[in-house]
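Below: one structure, written as structure tokens.
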Amino acid sequence: MHESSLINISLFILFLPLLGFVITLLLGKKVKSIYIFENLIIIITFLSSVYLLFSKLSYFRTEKINAELEWFGFNNIINGTTLSINLGFMIDNITAIMLFVVALISMLVHLYSIEYMKGDERYNRYFAYLGIFTFSMNGIVLTNNILMMYIFWELVGLSSYLLIGFWFEKKTAADAGKKAFIVNRIGDIGMFAGILILFFTYNTFSFDKIFSSIGSGILPFNSDFWLTITGVLLFCGAIGKSAQFPLHVWLPDAMEGPTPVSALIHAATMVAAGVYLVVRIFGLLTADAMLFIGIIGMLSAFIPATIALTQNDIKKVLAYSTVSQLGYMIMALGIGAYQFAFFHLVTHAFFKAALFLGSGSVIHAMHHEQDIQKMGGLRKKMPLTYWTFIISSLAISGIPLTSGFLSKDGIIASSLAFSDLTGHYLFPIFSLVVAFLTAFYMFRLIIITFHGKPKDEHKFEHAHESPFLMVMPLVVLATLSIFIWYTPNPINSEQGWFLSKWIEKPVLHTPDKTRFDFMKMGNIESNLSHSYIESEVYKEAMHHSHLSAMILSGLVAVLGIFLAFTVYQWKKIDADKIAKSINPLYKFSFNKWYFDEIYNKTFVALTIGLSRVLAWFDNKIIDGIVNGSAFLTKHFSFFIGNFDKYVIDGIVNFTAYFNGFAGLIVRRIQTGKVQSYLALVIFSIVILLFIFK
């Protein structure tokens, strides 16, 4: 097999969903069963991604395949150089794995939606929107340069807006779509500024060329400080897209979209794009930028976990759980756990998609009821949904023998090693606290939804297991949440094929391979290197942290589950009494830390207030000046017109009339007779003599 074959396959994978989108959208109203074509397109895309993954890992496992073409170019008039803007693909192991994840989740969501969305008046349009989203996401994954990533980044934003607000006749859905679009634009502005700095410095958008230049000591404005700023600005895009603090507020509202959309966009793919971006730009992040990323990730893991404790909407619990797990991944990247961050991205995609689709199965059975306080006892009615939910919840809680245990254990071990080397102990503390909270709120959700007695007998009587096309994706995704797919060793992921063979280590751009004092890197080389990742001290710290992390993560997860059963299953602790005793904290969590209220009172109110001031300034001052000028001009013109008409024309007309009148008088004495003229002359002389005598 030749490298060009993989490039051709990747092109096929990229543009096939676009073809499905165009044809499904154009024929959606004419051909009722056109959705079948879109589903076939996605199935072929998935099979192609499987073939690409197999080929890459079998024949080109250690190689990175690049292909570029010139989009356009222009000459620099000053020095005569030519500047080319290129588009291209890069296929490495991470690309191949990510394509597989996107294609698998997309295919399962397509199949699930056939039953879930049946009867919707815009049925075919829905599948078309899924197609354009898959195309956009594949573009982000395949690109080898930051500009092309940004183009597809915005396309993902557009397609997510269409899907979140799919039921736009509902005001809440329309508002959620607008909120997601606007909040993401805030982060994208920072990302775009970072892209401009890179291009201004390196005259290229290519990741490899930028990394090579950094390795040669070329920095933005010749300063590692500006390289830090550039990394933080690029990360702003991830803050928006991956719903990180403080731009996390759009994701829970996005649950207004169809539940399969929540599984596709808000669990496995779109929100993972931010993590994928940080993975791709990891080579240009300085130590300070990584510390900033780690802190944002830590806060984004903790805050939503505390909010999920008290939510009663089944999808919103999972939404805040998603934000929390994304925070885990971002924190892992910030502390240098590059491989474990991507590993958790993959494992989370499967078990969280299973949880969202499982929630959709419950909502479908309960006639679109989403309040878990009105459910209960559903495990008898929906055994397959229940057990897939259990397996996925065990995985997200980090219980041994699941994929989530392997990836979360690695992140916690990295945080322990990081704290030993740097003294930043908040990272492992928050990691363990979030693991405990995750296990607690997930099993709170399970117990209230599936255990106990039904709260609504009428809906319970009509509840039943979902059809095959809805249950089959749950089984597939829950199966992929078991450890065996990633490593034969259930307690050490590094001894399997996924981490040791499939995920490449981050590219380092410095000859300095010995420093490990991550927070005190003084010179440029070490500040760019993250070289502590490869240092023997770090490896030794990781080795010592592994057992501690495994014990601690397993212990806190079990404690979280045990507490959930104690409170909600066995009723040993009265949850309502506790909520009343800590009412301020309960309300603080239930009201989502009042982020929406704070933003409405500050940023939204400030924006609206500023808009009103500007509108007043425009209406009263700008329009006043314009209208005043028009008023003055109009009346001045009226004055000038009248002056011209009555004064200037009056003088001219008076002169004409006077001359005419004078002519009439003078004409009387112009007789043409010489005698008369002599008499007048003599008369005039006599008069003059009298005057001047």
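First residue of the sequence shown: 1326, per the numbering used here; consecutive thereafter. Built from N, CA and C at the ideal position, the CB exists for glycine as well.
Beta-carbon separation of residue i and residue j under 8 angstroms?
| i | j | result |
| --- | --- | --- |
| leucine 1741 | alanine 1874 | yes |
| glycine 1519 | serine 1567 | no |
| threonine 1349 | isoleucine 1338 | no |
| threonine 1459 | isoleucine 1368 | no |
| leucine 1746 | alanine 1866 | yes |
| valine 1642 | serine 1625 | no |
| isoleucine 1772 | glutamine 1894 | yes |
| methionine 1595 | methionine 1462 | yes |
| asparagine 1469 | serine 1373 | no |
| valine 1603 | isoleucine 1618 | yes |
| tryptophan 1918 | isoleucine 1628 | yes |
| alanine 1760 | valine 1929 | no |
| leucine 1455 | threonine 1420 | no |
| glycine 1353 | alanine 1453 | yes |
| leucine 1341 | leucine 1377 | no |
| threonine 1722 | alanine 1662 | A small correction: the amino acid at residue 1722 is serine; threonine does not occupy that position in the sequence shown. Cβ atoms of serine 1722 and alanine 1662: not closer than 8 angstroms. |
| threonine 1774 | isoleucine 1724 | no |
| glycine 1652 | glycine 1608 | no |
| alanine 1788 | leucine 1703 | yes |
| phenylalanine 1517 | tyrosine 1475 | yes |
| proline 1545 | isoleucine 1522 | yes |
| lysine 1381 | methionine 1415 | no |
| leucine 1731 | tyrosine 1811 | yes |
Excluding the 5 residues preceding and the 5 following residue i in the sequence, name in chain order all residues of the same chain whose CB lies nearer than 8 angstroms to its CB.
| i | result |
| --- | --- |
| phenylalanine 1399 | Thr1407 and Leu1408 |
| tryptophan 1941 | none |
| lysine 1897 | Thr1891 |
| valine 2006 | none |
Assign residue i to one of two classes, buried (16 or more other C-beta atoms within 10 Å of its C-beta) or exposed (fewer than that).
| i | result |
| --- | --- |
| leucine 1872 | exposed |
| aspartate 1417 | buried |
| phenylalanine 1956 | exposed |
| glutamate 1395 | exposed |
| valine 1977 | exposed |
| glycine 1949 | exposed |
| threonine 1370 | buried |
| alanine 1987 | exposed |
| asparagine 1848 | Residue confidence for asparagine 1848 is low, a pLDDT of 35 falling below 50, so the modelled location carries little weight; the figure read from the coordinates is stated next. Looking at its Cβ environment, which holds fewer than 16 other Cβ atoms inside 10 Å, asparagine 1848 is exposed. |
| serine 1548 | exposed |
| leucine 1331 | buried |
| leucine 1336 | exposed |
| valine 2011 | exposed |
| phenylalanine 1397 | exposed |
| valine 1999 | exposed |
| valine 1991 | exposed |
| phenylalanine 1916 | Residue identity differs from the one stated: residue 1916 is asparagine in this sequence, not phenylalanine. That one is exposed. |
| glutamate 1363 | buried |
| aspartate 1899 | exposed |
| alanine 1981 | exposed |
Among residues of its own chain, excluding the 5 on either side of residue i, which ones have a beta-carbon nearer than 6 angstroms to its beta-carbon?
| i | result |
| --- | --- |
| glutamate 1440 | Pro1792, Leu1794 and Met1795 |
| alanine 1666 | Met1654, Ala1657 and Leu1658 |
| serine 1438 | Pro1585 |
| glycine 1490 | Ala1498, Ala1499 and Gly1502 |
| lysine 1699 | Lys1780 and Asp1781 |
| isoleucine 1737 | Ser1756, Ala1874 and Ser1878 |
| tryptophan 1575 | Lys1504, Ala1505 and Val1508 |
| valine 1938 | none |
If you follow the beta strand (DSSP E) that residue i is part of, which residue opens it and which one closes it?
| i | result |
| --- | --- |
| asparagine 1615 | It should be pointed out that residue 1615 corresponds to methionine in this sequence rather than to asparagine. Here methionine 1615 belongs to no beta strand (DSSP E); instead the alpha helix (DSSP H) covers 1612-1633. |
| phenylalanine 1416 | At residue 1416 the sequence reads isoleucine, which differs from the phenylalanine that was named. 1407-1416 is the extent of the beta strand (DSSP E) around isoleucine 1416. |
So the alpha helix (DSSP H) residue i belongs to, where does it begin and stop?
| i | result |
| --- | --- |
| arginine 1447 | Looking at the DSSP string, arginine 1447 is not in any alpha helix (DSSP H), and its letter there is neither H nor E. |
| valine 1663 | Going by the sequence as given, residue 1663 is tyrosine instead of valine. Run containing tyrosine 1663: 1663-1690, per the alpha helix (DSSP H) assignment. |
| glutamate 1993 | First, the amino acid is wrong: residue 1993 is arginine here, not glutamate. Its alpha helix (DSSP H) spans residues 1974-1994. |
| glycine 1960 | Here the sequence assigns histidine to residue 1960, which means glycine is not the residue at that position. Note, histidine 1960: alpha helix (DSSP H), 1948-1967. |
| glycine 1652 | 1639-1659 |
| tyrosine 1750 | Neither: tyrosine 1750 is in no alpha helix (DSSP H) and is coded neither H nor E. |
| asparagine 1333 | 1328-1352 |
| histidine 1787 | 1782-1787 |
| glycine 1701 | Glycine 1701 -> no alpha helix (DSSP H), and no H or E assigned at all. |
| threonine 1932 | 1930-1941 |
| proline 1585 | 1584-1588 |
| query | Quick one: any contact between the region 1742-1758 and the region 1682-1702, if contact means 3 or more CB pairs under 8 angstroms? | reply | no
| task | Kindly confirm or deny that the region 1796-1808 and the region 1665-1681 touch, where touching means at least three C-beta pairs closer than 8 angstroms. | result | yes
| message | With a threshold of 8 angstroms, are at least 3 pairs of Cβ atoms found where one atom belongs to the region 1554-1561 and the other to the region 1902-1920? | response | no
| Would the region 1465-1483 and the region 1502-1521 be scored as touching if the rule is three or more Cβ pairs under 8 angstroms? | yes
| message | Pairs of beta-carbons, one from the region 1760-1770 and one from the region 1882-1890, closer than 8 angstroms: are there three or more? | response | yes
| Between the region 1710-1718 and the region 1677-1688, are three or more C-beta pairs nearer than 8 angstroms? | yes
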